[in-house]
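A.B. asks:
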Amino acid sequence: MMKLETTNRQDWQGFSRILEVMSFIDEVDNFSPEESREIMEKLCQLPLCPSETMSMEEVVFWAGVAVGMQLSQHTEEGSVDPDTAEKVLVFSSLFEHSTKNAIVDLALGEMEAPRPPSYQKTGSR
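Residue numbers (my numbering): 1 to 125.
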């Protein structure tokens with residue numbers, strides 16, 4: 001299973017956004033087309049300075065989404081046979097599951113991480 005480590009808050013924000021998209025896709029059947037459109041519009045908004053605020057993990061994730069959508073389109077058009085598309089789906093699903101678990105592990109590790117003791121200044125002697 002994949003292990004994620006980050007000390008950069010921006011990375012954590014990227015992972016949480018990735019998890020939001022994955023969670024939406026898992027639950028997409030529970031939403032009306034209007035609700036789905038509204039949710040995806042919010043998820044697909046670029047931040048003000050994407051080059052400074054988007055993590056590499058988030059950029060790679062969205063590139064994967066784009067490739068998956070293109071593969072789906074080619075499958076519908078008949079350029080890619082259904083068996084090959086199914087093989088890619090199974091392979092990528094393994095990484096999806098692993099990524100979700102790694103994000104949860106990261107979040108739990110963040111919550112359980114021991115905090116350094118805080119020292120209060122007790123005045124001068």
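Just so it is clear, CB atoms sit at the ideal spot from N, CA and C, and this is done for glycine as well.
Are leucine 43 and valine 21 touching if we call contact CB-CB under 8 Å?
C.D. replies: yes
A.B. asks: Touching or not, the segment 80 to 100 and the segment 16 to 30, by the rule of three or more beta carbon pairs under 8 Å?
C.D. replies: yes
A.B. asks: If we count Cβ pairs, one from each stretch, closer than 8 Å, do we get three or more for the segment 50 to 58 versus the segment 88 to 96?
C.D. replies: no
A.B. asks: Smallest Cα separation from methionine 69: which of Val59, Leu89, Asp83?
C.D. replies: Leu89
A.B. asks: Which term fits leucine 46, buried or exposed, when burial requires 16 or more other beta carbons within 10 angstroms of its beta carbon?
C.D. replies: exposed
A.B. asks: By how many angstroms is the C-alpha of valine 67 removed from the C-alpha of isoleucine 25?
C.D. replies: 16 Å
A.B. asks: DSSP state of leucine 46, grouped into three classes?
C.D. replies: coil
A.B. asks: To which residues of the same chain is aspartate 81 closer than 7 Å at the C-beta, ignoring the five residues directly before and after it?
C.D. replies: none
A.B. asks: Please name the residue in Phe61, Ala85, Gly64, Glu38 whose C-alpha comes closest to that of serine 72.
C.D. replies: Ala85
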